[in-house]
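Engineer: Let me give you the structure first, and then I'll get to my questions.
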Amino acid sequence: KLEGGKDVADDIEKLVATGIPVLGHIGLLPQTVKAIGGYRKYGASKEEAEDLYTDAIALEEAGCFAIVGEMIEPKVASELARQVLPPLIGIGSGEACDGQILVTTDLLGWSNGPVPSFVRPYANLNQIVSKALGEFVQEIRNRQLPTK
């Protein structure tokens, strides 16, 4: 997976030419989130929407087998899914994307820090793991080691 659009298209093209499949990623770019303005929706302005479209087309032309669209305004993501050939896999980008993903630790409730508003935790593994480790520590302190 490579994050970016037209700025990484040449690199993607070279990788694809050697037989390496590449998943593109536009919108919110987690690896550079602080440098690109933080956690927010992308595509609210006409200029941003056009930039996302230009990036998606560049990734398509470079040979990406699919494109992740993260935190893109749903109307913009819907248009991208309709106009771009590779499947658009959404993460917080609305229901019109060709597929959906979430960060596993977020949906399992096993994250440090805030979870995006579009994530519904299906469990609270932080609580379960904390309880289990607490019991283990207490047993060790009480010298109640398992014998079998």
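Residue numbers for the sequence shown follow our numbering, beginning at 2 and rising by one.
Just so it is clear, CB atoms sit at the ideal spot from N, CA and C, and this is done for glycine as well.
Since this is a predicted model, take the numbers as computed values, not measurements.
DSSP three-state call for Gln101: helix, strand or coil?
Structural biologist: Counted from its first residue, the sequence shown places residue 101 at position 100. Gln101 falls in the strand class under three-state DSSP.
Engineer: For Ile21, which three-state DSSP category applies?
Structural biologist: As a working mapping, residue 21 is identified with position 20 in the sequence shown. Three-state result, Ile21: coil.
Engineer: Just to confirm my understanding: we take Glu4, look at its own chain, exclude 5 residues before and 5 after, and list those with CB closer than 6 Å. What are they?
Structural biologist: The residue labelled residue 4 in the question sits at position 3 within the sequence shown. Counting only Cβ-Cβ distances below 6 Å, and skipping sequence neighbours, we find His26, Leu30 and Gln32.
Engineer: Rounded to whole angstroms, what is the Cα-Cα separation between Pro147 and Ile129?
Structural biologist: In the sequence shown, counting from the first residue as 1, residue 147 sits at position 146. In the sequence shown, counting from the first residue as 1, residue 129 sits at position 128. Approximately 20 Å between the Cα atoms of the pair.
Engineer: Have a look at Pro115, Val23, Leu126 and Asp8 and flag the residue whose alpha-carbon is nearest the alpha-carbon of Phe66.
Structural biologist: Reading the sequence shown from its first residue, position 65 is the one you call residue 66. Measuring from the Cα of Phe66, the nearest candidate turns out to be Val23.
Engineer: Output the distance between the C-alpha atoms of Ala1 and Thr19, rounded to the nearest integer angstrom.
Structural biologist: What is shown of the chain runs 2 to 149, which leaves residue 1 out entirely.
Engineer: Tell me whether the beta-carbon of Val69 lies closer than 7 Å to the beta-carbon of Ile90.
Structural biologist: Within the sequence shown, numbered from 1, the residue matching residue 69 stands at position 68. Within the sequence shown, numbered from 1, the residue matching residue 90 stands at position 89. Yes, these two residues count as a Cβ contact at 7 Å.
Engineer: Can you name the start and end residues of the beta strand (DSSP E) that Glu74 belongs to?
Structural biologist: For the purposes of this step, residue 74 is taken as residue 73 along the sequence shown, with counting starting at 1. That residue, Glu74, is in no beta strand (DSSP E); it is neither H nor E in DSSP.
Engineer: Look at the alpha carbon of Val1 and the alpha carbon of Val85, and state the distance between them as a whole number of angstroms.
Structural biologist: Coverage of the chain is limited to positions 2 through 149, which leaves residue 1 absent and any answer about it impossible.
Engineer: Which residue's Cα is closest to the Cα of Asp8: Glu48, Asp107 and Ala57?
Structural biologist: Here residue 8 refers to the residue found at position 7 of the sequence shown. Of the listed residues, the one whose Cα sits closest to Asp8 is Ala57.
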